[in-house]
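What follows is a short report on a single structure.
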DNA sequence: TTATATGCAAACTGTTTGCACGTAG
DNA sequence: CTACGTGCAAACAGTTTGCATATAA
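Protein chains in written order, with this note's numbering: chain A, 1 to 162; chain B, 1 to 162.
Now the structure itself:
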């Protein structure tokens, strides 16, 4: 929470890259700097646009490659980590799937299960109101490993992804 | 929750379509039937594949058009409703963005704000364990209208989207 | 009969990949 | 010096759109 001076953030970033074996390039630092300075959860294209102000030759492909590289070393996380492609469910009251419920998602096989839990439904507002939001829905997504994926030994990629 | 006989679900679906002015086609019923019968939160392509077993000429475009039409009348909802495109955030401990936190998303302008709320962090397990999941993270996404979007009068599209 | 839905193919958008060149260490 | 990173362009995947044909009501 306490916003650190950007120089300190940059130093920590550089150290983290070195420790994990990534080269430290100007592009990489600039991309991270944009992310660290933003509260906007920007998309790859927004990052590209922002960094381009300083490095006009930066390519979008480099942004993507870096986001992936930084995610792999834990310096960046994706806000909507899972199932980036549309997933749907029946919602008609009467189908038995209409009630409010939450989701249990397996970070390995990407399965999504419904989760019915009274405690989770209990929420209402709170800090959201401080931001002036008019709350319409609360969606809880529990991420973890499903039983069958616990069997298979976790790959390095998965182990570091959460 | 109580899984209704599929005939009853189909009847309710047909009635809902008629009430909202949508024609009742075989494709539409089949698409909905697949969704209502599934606990898998399928993607458009999975739905397409499943329905094709019965209606081999069904096109993928029709699946997409129907998912949108059904979403508009509230018969279907998307599991990952918002920002289907990648959104990132700095995660390096020390940047001030590393701590566990949740997201407040505006369903209209799609802005994503961080939400820090001790009560939300309080969760741990619960029903998830019943499913045998090894829980790694809990992500709470509060959806609503941000202050500036409350000003602008809601469009019909937005009003029905939650 | 007529408004709506379907199927196909082409267009679009976001993301990924291959490769020649550049640069950090 | 050498491995890794960058930029470009082409390839891809998921989704959307335009239009002629088919069909529900």
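A virtual CB, placed ideally from N, CA and C, is assigned to each residue, including glycine.
Near residue 47 of chain A, which residues of its chain fall below 8 Å by C-beta distance, leaving aside the five closest residues on each side in sequence? 31, 34, 35, 63 and 67
*Tell me where the beta strand (DSSP E) around residue 35 of chain B begins and ends.*
Residue 35 of chain B -> not in any beta strand (DSSP E); alpha helix (DSSP H) instead, spanning 26-37.
Per DSSP, residue 61 of chain B forms a beta bridge with which residues? None; residue 61 of chain B has no bridge partner.
### Query
Using the beta-carbon of each residue, which ones in chain B are nearer than 7 Å to residue 21 of chain A?
The contacting residues do not exist; residue 21 of chain A stays about 16 Å from chain B at best.
Are the CB atoms of residue 137 of chain A and residue 76 of chain B nearer to each other than 7 Å? no
**Candidates B:104, B:29 and B:55, of which the one nearest residue 69 of chain B by Cα** = B:29
query: Helix, strand or coil for residue 77 of chain B per DSSP?
result: strand
Open item on the list: The beta strand (DSSP E) that contains residue 16 of chain A, what's its start and end?
Closed with: Not the beta strand (DSSP E): residue 16 of chain A falls in the alpha helix (DSSP H), residues 6-19.
query = What's the gap between the Cα of residue 106 of chain A and the Cα of residue 13 of chain A?
reply = 30 Å
Worksheet item: Counting only beta-carbon atoms, is residue 14 of chain A nearer than 7 Å to chain B?
Response: no
Would you report the Cα separation of residue 148 of chain A and residue 101 of chain A, rounded to the nearest angstrom?
23 Å
- Under the three-state DSSP convention, the category residue 91 of chain B falls into: coil
Q.
Distance check for residue 50 of chain B and residue 150 of chain A, CA to CA, integer angstroms please.
A. 28 Å
- Item | Outcome for residue 144 of chain A when other beta-carbon atoms lying within 10 angstroms are tallied against a minimum of 16 | buried
For residue 21 of chain B and residue 72 of chain B, what's the separation of their Cα atoms in angstroms? 11 Å
* To do: Could you list which residues in chain A have their beta carbon closer than 7 Å to that of residue 147 of chain B, in chain order?
  => 132
Inset, instruction - State yes or no: is the C-beta of residue 115 of chain A within less than 7 Å of the C-beta of residue 133 of chain B? - result: no
To the nearest angstrom, how far is it from the Cα of residue 24 of chain A to the Cα of residue 55 of chain A? 15 Å
Continuous alpha helix (DSSP H) stretch holding residue 49 of chain A: start and end
44-52
inquiry  = If we define contact as Cβ-Cβ less than 7 Å, is residue 80 of chain A a contact residue for chain B?
reply    = yes
Check: Which chain B residues are close to residue 59 of chain A, counting only those with a beta carbon under 9 Å from its beta carbon?
Finding: Neighbours of residue 59 of chain A on chain B: none; closest Cβ ~17 Å, over 9 Å.
Check: Any C-beta of chain B sitting closer than 7 Å to the C-beta of residue 28 of chain A?
Finding: no
**OP:** Apply the 10 Å Cβ neighbour rule to residue 156 of chain A and answer buried if 16 or more other Cβ atoms are within range, or exposed otherwise.
**Re:** Residue placement at residue 156 of chain A is poorly supported in this model, since its pLDDT is 41, which falls under 50; the coordinates are not used for a value here.
Next item on the list: Determine, using beta carbons only, whether residue 6 of chain B comes closer than 7 Å to chain A.
Entry: no
ask   = Shortest alpha-carbon distance to residue 78 of chain B belongs to which of B:41, B:141 and B:27?
value = B:41
- Kindly list the residues whose CB is nearer than 6 Å to the CB of residue 17 of chain A, restricted to its own chain and excluding five residues on each side of it in sequence; keep chain order. 24
Taking just the CA atoms, how far does residue 43 of chain A sit from residue 61 of chain A? 13 Å
key: Contact belief for residue 87 of chain B with residue 112 of chain B at Cβ below 8 Å, rounded distance in angstroms   = 6 Å
Tell me where the alpha helix (DSSP H) around residue 106 of chain A begins and ends. Here residue 106 of chain A belongs to no alpha helix (DSSP H); instead the beta strand (DSSP E) covers 102-106.
Legend entry - Continuous beta strand (DSSP E) stretch holding residue 143 of chain A: start and end: 134-145
query: Does residue 143 of chain B come within less than 7 Å of chain A when only Cβ atoms are used?
result: yes
Exercise for the section: Say whether chain A places a C-beta atom closer than 7 Å to the C-beta of residue 54 of chain B. Expected result: no
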